[in-house]
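Q: These protein sequence lines map, in sequence, to chains A and B.
Heads up: the first sequence runs through residues 69 to 205, numbered per this note's numbering.
Heads up: the second sequence runs through residues 69 to 205, numbered per this note's numbering.
Before anything else, here's the structure in question.
2 protein chains.
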Amino acid sequence: MSEIVDIDKRYVENALKQKMNVLRDNRYLMDDVFIPIAKALKMDVEEVIELFAKKLDFASCYELHAYAEQARMGCLGRKVDIDLGLCWICDFFGLITKEEADLIRKKVVESHLLYKKPYNEALEEGRQMIIKLLKEE
Amino acid sequence: MSEIVDIDKRYVENALKQKMNVLRDNRYLMDDVFIPIAKALKMDVEEVIELFAKKLDFASCYELHAYAEQARMGCLGRKVDIDLGLCWICDFFGLITKEEADLIRKKVVESHLLYKKPYNEALEEGRQMIIKLLKEE
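Written as structure tokens, this is what we have:
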């Protein structure tokens, strides 16, 4: 009986190791998911990978890349809101409209993720768009 | 006729100056609204104050303080999401629940704004809460 429990335990441990390998081998996931999360939480990257591996089955480990690209786009949009002060300027003080803010956010995210412009340059484009709108009489 | 136009113009200019004075004299608005927005947009603080003064009537200039406190709470919550990676961890990857994330965000915002804890310390409390949740089996 204790042998079966041992085999089971070993199976779970091996599966976890294999899932961690799948996740670790994906360069995109490493650079754009695990390392940023580890930095935000001040955790070890290996610990972060283990958390994901424990949470996900094998199929989900392979699908994580596609999903992460969507997540990256969504989360970057929120970062743009903070970095450009859109939260204040648009949502609370209405100095520019929601439609204008959506357009600017989208433009910055696309510039950076699709056209590979460095984030600060993409942000600068967005900043110029806001300033232009704000200065329109 | 041109005299009336001149008087009108002068009235508008004077009103603008007075509104700018009202806004500029409010220490809270300066420190927590105009300066952060000026930094985010890399604009001159005076320009930012002028934008608000142009947009607002006198009553709204006086009401801005109360409104700004709400805005500050809302926008800080979004910054916490970014700084703690809640956007990834909760919204996209579901490693913690939405209720847990709401609670952590609220705790950090209150610690900083109501209990005047330095932002990084408040953030650290939130970080510890997340790590505890993530490590629970």
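Where a beta carbon is used, it is the ideal one built from N, C-alpha and C, also for glycine.
#1: Kindly list the residues whose CB is nearer than 7 Å to the CB of Ala190 of chain A, restricted to its own chain and excluding five residues on each side of it in sequence; keep chain order.
#2: Only counting the same chain, and skipping five residues up and downstream in sequence, which positions put a Cβ closer than 8 Å to that of Tyr130 of chain B?
#3: Quick one: using the 10 Å Cβ neighbour count with 16 as the cut-off for buried, is Arg140 of chain A buried or exposed?
#4: Any idea if Lys87 of chain A is buried or exposed, counting beta-carbon neighbours within 10 angstroms, 16 or more meaning buried?
#5: When you check each C-beta in the stretch 157-179 of chain B against every C-beta of chain A, which residues fall closer than 9 Å?
#6: On a CA-only basis, which of A:Leu119, A:Glu168 and A:Glu71 is nearest Ile199 of chain B? Give me that one, please.
#7: Please decide whether Val101 of chain A counts as near chain B, where near means a Cβ-Cβ distance under 9 Å.
#8: I need the straight-line Cα distance from Leu97 of chain A to Ala134 of chain B, nearest angstrom please.
#9: Thinking C-beta only, is Leu152 of chain A closer than 9 Å to Leu109 of chain B?
#10: Going by beta carbon distance, what residues of the same chain come within less than 6 Å of Arg173 of chain B, once the five residues before and after it are set aside?
#11: Just the chain A side, please: which residues come within less than 9 Å of Pro104 of chain B by C-beta, in chain order?
#12: State the DSSP-derived secondary structure class of Ile198 of chain A, mapped to helix, strand or coil.
#13: Should Gly162 of chain A be labelled buried (16 or more other beta-carbon atoms within 10 Å of its own) or exposed?
#14: Three or more beta-carbon pairs under 8 Å between the stretch 78-87 of chain A and the stretch 114-128 of chain A, yes or no?
#15: Which term fits Leu132 of chain B, buried or exposed, when burial requires 16 or more other beta carbons within 10 angstroms of its beta carbon?
#16: Quick check: what's the CA-CA separation for Met111 of chain B versus Arg92 of chain B?
#17: Under a three-way DSSP split, which group does Glu204 of chain B fall into?
#18: Could you work out which residues of chain A lie near Lys123 of chain B, taking near to mean beta carbons separated by less than 9 Å?
#19: Identify whether Tyr183 of chain B lies in helix, strand or coil by the three-state DSSP scheme.
#20: By the three-class DSSP mapping on this structure, what secondary structure does Phe161 of chain A have?
#21: Specify, as a first and last residue, the run of the alpha helix (DSSP H) that Asn82 of chain B falls within.
#22: With 9 Å set as the bound, which would you pick, yes or no: does the beta-carbon of Gln86 of chain A sit closer than that to a beta-carbon of chain B?
#23: Tell me which same chain residues have a C-beta within less than 7 Å of the C-beta of Lys185 of chain B, skipping the five on either side of it?
#24: Out of curiosity, what's the CA-to-CA distance linking Arg195 of chain A and Lys77 of chain A?
#25: Could you pull out every residue in the same chain whose Cβ sits closer than 6 Å to the Cβ of Met197 of chain A, ignoring the five residues on either side in sequence?
A: If we stick to the structure as given:
#1: So the list reads Val176, Ser179 and His180, once near-sequence residues are dropped.
#2: In its chain, beyond the 5 residues on either side, Val90 have a beta carbon closer than 8 Å to the beta carbon of Tyr130 of chain B.
#3: Counting Cβ neighbours within 10 Å, Arg140 of chain A comes out buried, since at least 16 surround it.
#4: It is buried - the Cβ of Lys87 of chain A has at least 16 other Cβ atoms within 10 Å.
#5: Under the 9 Å Cβ criterion, the stretch 157-179 of chain B contributes Ile157, Asp159, Phe160, Phe161, Gly162 and Leu163.
#6: Of the candidates A:Leu119, A:Glu168 and A:Glu71, the one whose C-alpha sits nearest the C-alpha of Ile199 of chain B is A:Leu119.
#7: Yes, its Cβ sits closer than 9 Å to a Cβ of chain B.
#8: When only Cα atoms are considered, Leu97 of chain A and Ala134 of chain B end up about 43 Å apart.
#9: Their beta carbons are under 9 Å apart, which means Leu109 of chain B touches Leu152 of chain A by this criterion.
#10: Residues Gly145 and Val148 of the same chain have their beta carbon placed closer than 6 Å to that of Arg173 of chain B, with the five preceding and five following residues left out of the count.
#11: Within chain A, the residues near Pro104 of chain B are Gly153 and Trp156.
#12: Residue state, collapsed to three classes: helix.
#13: By the 10 Å Cβ count, Gly162 of chain A comes out exposed.
#14: Flag = yes, the stretch 78-87 of chain A and the stretch 114-128 of chain A touch.
#15: The residue is buried, with at least 16 neighbouring Cβ atoms inside 10 Å.
#16: Roughly 16 Å separates the two Cα atoms.
#17: Correct three-state label for Glu204 of chain B: coil.
#18: Within chain A, the C-beta atoms nearer than 9 Å to that of Lys123 of chain B come from Phe161, Gly162 and Leu163, in chain order.
#19: Correct three-state label for Tyr183 of chain B: coil.
#20: For Phe161 of chain A, the three-state secondary structure derived from DSSP is coil.
#21: Unbroken alpha helix (DSSP H) run through Asn82 of chain B: Ser70 to Arg92.
#22: No, Gln86 of chain A lies away from the interface with chain B (no Cβ there is under 9 Å from its Cβ).
#23: Within the same chain, Lys185 of chain B has close Cβ partners Ser179.
#24: Taking the straight line joining both Cα atoms gives about 55 Å.
#25: If we look at Met197 of chain A and ignore the five residues flanking it on each side, its Cβ neighbours are Ile172.
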